[in-house]
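I have placed the structure first, in the form of structure tokens, so that the comments after it can refer back to it.
Numbering (my numbering), first residue to last: 21 to 192.
Structure follows, in structure tokens:
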């Protein structure tokens with residue numbers, strides 16, 4: 021896929037009704053901190069969280085599909101108000117299709133922000149394929165748009181601002 025010019029990007033972004041997100045490397049910096057008893061902790065960027073809350077208030081649906089289970093991320097996502105969550109999902113496409121259909125959307129109305137090989141089926145399918153600045157080369161090759169920020173450092177907020185801005189729903 022080739023990057024889109026600004027007009028093409030805005031046209032696709034205007035159609036988006038749901039932004040699908042990966043967790044590790046997108047909502048987080050991709051680092052896993054493992055404690056002495058095997059417990060995992062992850063960091064979250066507060067501006068990404070604010071962007072998610074803003075998107076939901078503006079009527080943009082947010083969905084999360086991740087290959088790893090994470091009780092702490094489940095709680096964080098629920099606290100942010102995200103209702104469409106599939107964790108511990110190695111094959112993301114069936115989860116995507118279930119969520120998309122439950123929301124009554126077409127692929128052209130969906131965007132996905134991913135960063136690695138497990139995201140490729142969604143990046144190839146959605147109307148707006150998005151990735152983070154430090155994504156794997158395979159994801160970069162599929163993306164219509166690449167954030168300036170790395171995963172876990174504001175890329176989610178950039179994607180939300182792009183979509184809401186194109187739709188005229190980004191508060192001043």
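Ideal Cβ placement from N, Cα and C applies to all residues, glycine included.
Computed from a prediction, not measured in an experiment: that's the story for all the values here.
DSSP places residue 134 in the strand class (E or B) of the three-state scheme. Judged by their CB atoms, residue 36 and residue 131 are nearer to each other than the 8 Å cut-off. Where residue 35 is concerned, the enclosing alpha helix (DSSP H) starts and stops at 26-35. The C-alpha of residue 50 lies about 7 Å from the C-alpha of residue 171. Note on residue 81: 16 or more other CB atoms within 10 angstroms of its CB, so buried under the neighbour-count rule.
Collapsing the DSSP output to three states places residue 149 in a strand. As a beta-bridge residue in DSSP terms, residue 38 pairs with 81 and 130.
According to the DSSP assignment, residue 183 belongs to the alpha helix (DSSP H) that extends over 175-186. Residue 166 has 151 as its beta-bridge partners, per DSSP. Taken through DSSP and simplified to helix, strand or coil, residue 98 comes out as helix.
Residue 191 and residue 137 have their C-alpha atoms roughly 34 Å apart. Bounds of the beta strand (DSSP E) holding residue 106 are 104-106.
Secondary structure of residue 60 (DSSP, three-state): strand. Inter-segment contact for the segment 158-165 and the segment 61-75 is absent: fewer than three beta-carbon pairs are separated by less than 8 Å. For residue 111, no alpha helix (DSSP H) segment is defined, and its DSSP state is neither H nor E. In this structure, residue 152 sits near residue 167, with a CB-CB distance shorter than 8 Å. Just so you know, the alpha carbons of residue 65 and residue 124 end up roughly 30 Å apart.
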